[in-house]
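Asks: So that we are looking at the same thing, I have put the structure below in structure tokens.
Encoded structure:
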């Protein structure tokens, strides 16, 4: 003889309330505040600074990650005047690799000490290496050397009371397992000196699950980039994806509920929405992402 449980209307209501509370607590357990990577608005943030920075603040974002030291220095008063805080800054790659000639757009050379001092003066906590240009990428020995150079610069960064961070793309996942740049970095980077800024979009483009990577790098991921991916995007190990591959958070194929749930255990302290390409006004895309993140 079998028995069946028939919940009352009150029990069903209580259950739905509990489920709603659980959904809210998921985001509460993840980002306490969400920021913007200014690369998203690179098209006009320097020409229409007041409009763009005010627009970001009005959406509800509280933190900013600069796309470059010089630009962030100019924008900092506006950022602060609009009630936001700059917490991270992408710095010049040659500060770490030394290969200034590979980056002709960087016309002003600075020393590591000068760069660290400027980031500290801005009140920014994270000194972030954002990108290794294709023209500079090399073989196994290049990535071993680059990891060692990161550790060396990170010592100066730590002495200044800041945190050195490396931001990934998809190219780090190409190659033979164990010899890929991401494997070399995971093994060779000093856990006490260098943290990871995980870009979930590029992790996925490279055919990997961001949630699994958060688990693999547990305790080593300080920052995270939140951007969604069109489900038709093929697996590849370079940045040559179509513009339509970039989607507002919550409108693509990534499982952000699972990502946000796994992030705190990985060590994530700050969350930045970034969308490299947008179909229209970047501020509208940033708003769509923010509105979605409020629901998870």
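Numbering (our numbering), first residue to last: 9 to 304.
We put the CB at the ideal spot given by N, CA and C, even for glycine.
Look at the alpha carbon of residue 299 and the alpha carbon of residue 42, and state the distance between them as a whole number of angstroms.
Replies: Their backbone Cα atoms lie some 11 Å apart in a straight line.
Asks: Kindly list the residues whose CB is nearer than 8 Å to the CB of residue 37, restricted to its own chain and excluding five residues on each side of it in sequence; keep chain order.
Replies: The predicted position of residue 37 is uncertain, since its pLDDT is 46 and thus under 50; no value can be drawn from it.
Asks: Does the beta carbon of residue 265 fall short of 7 Å from some heavy atom of the ligand FAD?
Replies: No copy of the ligand FAD appears in this structure; indeed no ligand is present at all.
Asks: Can at least three beta-carbon pairs, one atom from the segment 285-304 and one from the segment 146-157, be found at a separation below 8 Å?
Replies: No: the two stretches stay apart, fewer than three of their Cβ pairs being nearer than 8 Å.
Asks: Taking 8 Å as the limit between beta carbons, can you name the residues of its chain near residue 29, skipping five residues before and five after?
Replies: Reliability of the predicted coordinates at residue 29 is poor, the pLDDT of 46 falling under 50, and the value obtained from them is presented with this limitation in mind. Result list for residue 29: empty, nothing under 8 Å.
Asks: With residue 73 as the anchor, note down where its beta strand (DSSP E) starts and where it stops.
Replies: From DSSP, the beta strand (DSSP E) with residue 73 extends over 71-74.
Asks: Would you call residue 55 buried or exposed, if buried means 16 or more other Cβ atoms sit within 10 Å of its Cβ?
Replies: When all chains shown are included, residue 55 counts as exposed.
Asks: Please report the straight-line C-alpha distance between residue 141 and residue 104, rounded to a whole angstrom.
Replies: Cα to Cα, residue 141 sits roughly 13 Å from residue 104.
Asks: Tell me the start and end of each unbroken alpha helix (DSSP H) in the segment 214-243 that is at least 4 residues and wholly inside, in chain order.
Replies: Qualifying alpha helix (DSSP H) stretches, in chain order: 218-224.
Asks: Could you check if residue 32 is buried or exposed, using at least 16 other CB atoms within 10 Å of its CB as the buried criterion?
Replies: Bear in mind that the predicted position of residue 32 carries a pLDDT of just 49, short of 50, making it unreliable; the figure below should be weighed with that in mind. So residue 32 ends up on the exposed side.
Asks: Since residue 137 sits in a beta bridge, which residues does DSSP pair it with?
Replies: Per DSSP, 99, 174.
Asks: According to DSSP, simplified to helix, strand and coil, what is residue 63?
Replies: Looking at residue 63 - three-state DSSP - the assignment turns out to be helix.
Asks: Residue range of the alpha helix (DSSP H) that residue 83 falls in?
Replies: Residues 77-89.
Asks: Taking its Cβ as the centre, do 16 or more other Cβ atoms sit within 10 Å of residue 247, making it buried, or is it exposed?
Replies: Residue 247 is exposed by the Cβ-count criterion.
Asks: Expressed to the nearest angstrom, what Euclidean distance is found between the alpha-carbon atoms of residue 242 and residue 129?
Replies: About 42 Å.
Asks: If we count the other Cβ atoms within 10 Å of its Cβ and call it buried at 16 or more, is residue 289 buried or exposed?
Replies: So residue 289 counts as exposed.
Asks: Can you tell me which of 169, 228, 286, 263 puts its alpha carbon nearest to the alpha carbon of residue 256?
Replies: Taking only the C-alpha atoms, the option nearest residue 256 is 286.
Asks: So residue 273 is in the alpha helix (DSSP H); what residue range does that whole segment cover?
Replies: 264-274 is the extent of the alpha helix (DSSP H) around residue 273.
Asks: Count the other CB atoms within 10 Å of the CB of residue 185; is the residue buried (16 or more) or exposed (fewer)?
Replies: So residue 185 counts as exposed.
Asks: Taking residue 84 as the reference, which of 167, 116, 131 has the closest Cα?
Replies: Cα-wise, what sits closest to residue 84 is 131.
Asks: What residues match up with residue 254 in a beta bridge as DSSP calls it?
Replies: DSSP output for residue 254 lists 237 as bridge partner(s).
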